[in-house]
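Asker: Take this structure first; my questions come after.
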Amino acid sequence: MRPNFNVRVLRDQKARTGVLNNEIARRAYLYVARNQSLPAQVRYQAQLQLNTFDKYTRPTTVKNRCTETGRGRGIMSEFGLCRYQFRLKAKAGELPGVKKASW
Numbered sequence: 195m196r197p198n199f200n201v202r203v204l205r206d207q208k209a210r211t212g213v214l215n216n217e218i219a220r221r222a223y224l225y226v227a228r229n230q231s232l233p234a235q236v237r238y239q240a241q242l243q244l245n246t247f248d249k250y251t252r253p254t255t256v257k258n259r260c261t262e263t264g265r266g267r268g269i270m271s272e273f274g275l276c277r278y279q280f281r282l283k284a285k286a287g288e289l290p291g292v293k294k295a296s297w
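Numbering (this note's numbering), first residue to last: 195 to 297.
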């Protein structure tokens with residue numbers, strides 16, 4: 195059995211916390227940088243401030259990944275698992291409220 199942590203999952207968690215911690219400041223700087231009614235110097239300073247943020251503060255770096263394997267495709271968002279891990283855990287009865295449909 196693979197360990198519960200994966201480098202991709204850890205990177206995604208780092209990105210999520212970075213976005214959460216810096217979301218308000220980033221949005222404020224973006225608003226100022228894109229506001230055409232403000233002077234060019236103010237917009238330029240806001241753009242410079244945006245460029246100083248870390249890579250993991252951008253919302254586009256956040257990707258849903260399976261918490262067990264780190265797989266980035268076929269994610270059941272309610273459970274945070276890929277479809278294969280979801281199936282395995284559902285069969286084992288480890289997911290509350292989920293059971294196999296009977297014929």
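Here a beta-carbon is modelled for each residue, glycine too, at the ideal position from N, C-alpha and C.
Please classify leucine 275: does DSSP put it in a helix, a strand, or coil?
Answerer: The answer is strand: DSSP assigns leucine 275 an E or B state.
Asker: Within its chain, find whatever has a CB closer than 6 Å to the CB of glutamine 243; leave out the 5 residues flanking it on each side and keep chain order.
Answerer: Counting only Cβ-Cβ distances below 6 Å, and skipping sequence neighbours, we find Tyr223.
Asker: Can the beta-carbon of glycine 212 be found closer than 7 Å to that of tyrosine 250?
Answerer: Against a cut-off of 7 Å, the Cβ pair of tyrosine 250 and glycine 212 comes out as a contact.
Asker: Just the Cα atoms here: how many angstroms apart are tyrosine 225 and glycine 264?
Answerer: Cα to Cα, tyrosine 225 sits roughly 34 Å from glycine 264.
Asker: Can you grab the Cα-Cα spacing for the pair leucine 282 / glycine 268, in whole Å?
Answerer: The alpha-carbon atoms of leucine 282 and glycine 268 are separated by roughly 14 Å.
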